[in-house]
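Protein chains in written order, with the working numbering: chain A, 1263 to 1924; chain B, 467 to 535.
This report concerns only the one structure given below.
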């Protein structure tokens, strides 16, 4: 009774063989479950240089160690694989109910190798697992397929289903894996790997209990947080437009200081992530016009249209992922949009609003709702899709793409009908859409060198909608992480509200400081980036949500829950050592498969090379090469190459647990 | 667990859905209510449920707001 089940399920799609495997306790003590368990299995099993879309790649679905143990906001599941988009380590996480469902079937993870001859899905319940034909749902979008599979498999308990849409069936490298009718593990191209294996879905209907060491203690910690969150209610008379003012204030401040993260709960409960739509535009956080513009271009006459109030006005119900006490999600009525083609959509996240709003100079909110549903159903990553459309618009503006090539689409900034038409082409891989369906790096390689200036990415992954020229700490994570381009690994702002220094001896205390100091490479800033990423790996091993992390370790007591769930008695420093181990193993995985970590450096535009000439970020550039070197050095990796040093691998005992790797 | 059916104390419930996922028969579901200002979906027994009072939902609740009564 340690919070984890100690078992995984291995499915060979070529032979049809399904086998249980016991994982030693020591692996969990060293790497937790979730992403750590995934890294352990994939590092050992995938041969160096294996084709990400071939039989040797392994696709894993893993649950978090804390999922189902009585903790809260710890219900995330993760997909892991060798990424076809970056060539290195691939992972992506998602909410909904799929994470507890994995454990209720008796496993911490389900891993697929090989390639099926025909489309199949895996069904698992208490009695066992079997592969079943999926030809009847192949070709359906993710929502239709989920509904069909739910209907045919709902005997006693409603099954939890992870499923791909048509984008992944067509092996789009920017496709993800969907669940709960509109959630998606979107990043790293995991959908393409699932599509390449002809695995349409994983259907889980187990009802086994999830146990842990000290359930009473687990609940005691949860209740303490619940009392605080219950009090966080934004008065109804406060308008969403106040967030634009808040953004201007934040963006204009020369100094930063730690804040109490519990306030994030108030904003999340009211608006969800669209709370950042206006704040991001006015603070400089949202990249605008394919990272080439500023709020001078995407000014109030534009951004007022994506006000979070206008979004929640359509919200017919709130949506919580499993075990979440914040509930940032929602379901919105869109019957009046696009001639009633869809009745509703999951509330568009900030990332989607920014990727199809300011990044494209688009002020048509209805088009964002519609595109959100198109992408959720196709199972295509909205961040990457938005970044790719922005690339296409700039190529069109500069004559690299012509009307003949676009099939007559006038790809101009903010042209919502053309953007919608292009997204449909990308999903269907039709005409110009085929060129763009694999993201900006692949498209730029096909179009030739002049287009590469407009291809904004890090290591092939289009970046999240947060500007590294405002927050250089974010730039380090975009560039120096085994999963490049991720806004979820960390930032200076996250660091200030996570309060890690309260439980981690080496995490720098964030007092009041000059924001300009963050632009100067230093060991102190590097310690922050190391702390951010170690903590993220602990959270991803536990099933934790990024928005719980931002409540602060003083409120969302991750380390205390881990001790209570497992019976361990580890300190904050020891858990961060586990985070460092997971991160180092992810980096070893990337290196094993031939990735040069220096090649993940973010595009020049993201680093402010050259800097913007107007707006809040005017003149800002990030000394990213020096910052990457310091980050790697503080990790115990070679500062010039990013390769984990042998003494670091040995000190973390990674040489021991990766013995016998393929 | 005592005799009875799943009963939710909405003053304490956080709408996290742990009880819903724990029910082996899906007799609980998250449904719209007027419990709070956000009109969140809170757990309720579905119409025509046959709750056995097994208590798995109560065990799963992180804030102890589900009881069998």
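Every residue, glycine too, gets a C-beta built ideally from N, C-alpha and C.
Practice problem: Quick one: residues in its chain with C-beta nearer than 7 Å to the C-beta of residue 1388 of chain A, no 5 flanking neighbours on either side, listed in chain order? | Solution: 1468, 1469, 1470
Quiz item: Which stretch, first to last residue, makes up the beta strand (DSSP E) that contains residue 1354 of chain A?
Solution: 1351-1356
Quiz item: With a cut-off of 8 Å, does the C-beta of residue 1420 of chain A fall near any C-beta of chain B?
Solution: yes
Exercise. Examine chain A for any beta-carbon lying closer than 8 Å to the beta-carbon of residue 513 of chain B, and answer yes or no.
Key: no
Quiz item: In chain order, what residues of the segment 481-497 of chain B put their CB closer than 7 Å to some CB of chain A?
Solution: 481, 482, 483, 484, 487, 490, 491, 492
Exercise. Below 8 Å CB to CB, which residues in the same chain sit around residue 1524 of chain A once its five sequence neighbours on both sides are set aside?
Key: 1490, 1491, 1494, 1813, 1814, 1817
Exercise. With 8 Å as the threshold, decide whether the Cβ of residue 528 of chain B is near any Cβ in chain A.
Key: yes
Quiz item: Per DSSP, residue 1593 of chain A is paired with what?
Solution: A:1579, A:1608
Quiz item: Does DSSP put residue 1290 of chain A in a helix, in a strand, or in coil?
Solution: helix
Quiz item: In angstroms, rounded to a whole number, what distance separates the CA positions of residue 1551 of chain A and residue 1621 of chain A?
Solution: 4 Å
Quiz item: Alpha carbon to alpha carbon, how far is residue 1689 of chain A from residue 1668 of chain A?
Solution: 15 Å
Self-check item: Partners in chain A for residue 476 of chain B, counting only beta-carbon separations shorter than 8 Å
Solution: Result: empty, since nearest Cβ-Cβ is about 12 Å, beyond 8 Å.
Self-check item: Beta-carbon contacts of residue 1345 of chain A that lie in its chain and below 6 Å, excluding the five residues immediately before and after
Solution: 1352, 1450, 1451
Exercise. For residue 516 of chain B, decide whether its Cβ has a neighbour in chain A, counting only Cβ atoms nearer than 8 Å.
Key: no
Quiz item: Does the beta carbon of residue 2003 of chain A sit closer than 8 Å to a beta carbon anywhere in chain B?
Solution: Past the boundaries of the shown model lies residue 2003 of chain A; chain A is included only from 1263 to 1924, so the question cannot be answered.
Quiz item: Which value, in whole angstroms, describes the spacing of the CA atoms of residue 1932 of chain A and residue 1327 of chain A?
Solution: The displayed coordinates of chain A run from 1263 to 1924. Any statement about residue 1932 of chain A would go beyond what the structure contains.
Quiz item: In chain order, which alpha helix (DSSP H) runs of at least 4 residues are fully inside the segment 1714-1760 of chain A?
Solution: 1734-1742, 1754-1760
Quiz item: For residue 1617 of chain A, which of A:1532, A:1536, A:1692, A:1583 has the nearest alpha-carbon?
Solution: A:1536
Self-check item: Bridge partners - residue 1447 of chain A, DSSP secondary structure assignment
Solution: A:1439
Practice problem: Pull up the distance between the alpha-carbon of residue 1316 of chain A and that of residue 1390 of chain A, whole angstroms please. | Solution: 27 Å
Practice problem: Have a look at the DSSP bridge pairing and note the partners of residue 509 of chain B. | Solution: B:496
Practice problem: With a cut-off of 8 Å on the beta carbons, I'd call residue 1270 of chain A and residue 1373 of chain A a contact; round off their distance for me. | Solution: 6 Å
Quiz item: In chain A, which residues lie with their C-beta within 7 Å of the C-beta of residue 506 of chain B?
Solution: 1580, 1589
Self-check item: Unbroken stretches of the alpha helix (DSSP H), 4 residues or longer, contained in the segment 1358-1397 of chain A
Solution: 1360-1366
Exercise. Evaluate contact between the segment 1583-1594 of chain A and the segment 475-495 of chain B, counting only Cβ atoms and requiring at least three cross-stretch pairs below 8 Å.
Key: yes
Quiz item: Exposed or buried, residue 1502 of chain A, counting other C-beta atoms within 10 Å across all chains shown (16 or more means buried)?
Solution: buried
Quiz item: Just to confirm, are residue 1472 of chain A and residue 1365 of chain A a CB contact at a threshold of 8 Å?
Solution: yes
Quiz item: Between residue 1314 of chain A and chain B, is there a C-beta pair that is closer than 8 Å?
Solution: no
Quiz item: Taking C-alpha atoms, which residue in A:1810, A:1677, A:1708, A:1692 lies nearest to residue 1529 of chain A?
Solution: A:1810
Self-check item: Where the alpha helix (DSSP H) containing residue 1851 of chain A begins and where it ends
Solution: 1834-1854
Quiz item: Is residue 1887 of chain A near the ligand NAP, with its Cβ less than 7 Å from a heavy atom?
Solution: This structure simply doesn't include the ligand NAP, nor any ligand for that matter.
Quiz prompt | Continuous alpha helix (DSSP H) stretch holding residue 1787 of chain A: start and end | solution = 1785-1804
Exercise. Return the CA-CA distance between residue 1423 of chain A and residue 1466 of chain A, expressed in angstroms with no decimal places.
Key: 6 Å
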